[in-house]
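Notes for the one structure printed next.
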Amino acid sequence: MLNCKQATALMSQGMDQNLGLLQKTTLRFHLMMCQGCRNFNKQMQFLREGLRKFPQQNS
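Structure, rendered in structure tokens:
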């Protein structure tokens with residue numbers, strides 16, 4: 001079973017790349033049990049969607 005630190009690391013990793021089946025399953029199980037991590041995951045998804053609405057600027 002994951003702890004919250006490991007779960008948040010997997011959530012962040014999952015935003016950048018595909019997680020393996022075992023990682024997805026373990027994370028989903030943790031999210032079913034942990035309200036704090038569910039809230040964190042929702043916040044991350046909200047921020048990611050919000051950032052997609054801004055045009056990218058070339059430096």
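Residue numbers (the UniProt record's numbering): 1 to 59.
Built from N, CA and C at the ideal position, the CB exists for glycine as well.
query, result
"Near residue 41, which residues of its chain fall below 7 Å by C-beta distance, leaving aside the five closest residues on each side in sequence?", "11 and 31"
"What are the start and end residues of the alpha helix (DSSP H) that includes residue 44?", "35-52"
"If I measure Cβ to Cβ from residue 19 and keep anything under 6 Å in the same chain, skipping five residues before and after, which residues do I get?", "none"
"Could you tell me which whole alpha helix (DSSP H) segments of length 4 or greater appear in the UniProt domain \"Putative zinc-finger\" (4-38)?", "4-16 and 21-33"
"What do you reckon, are the CB atoms on residue 37 and residue 7 nearer than 8 Å?", "yes"
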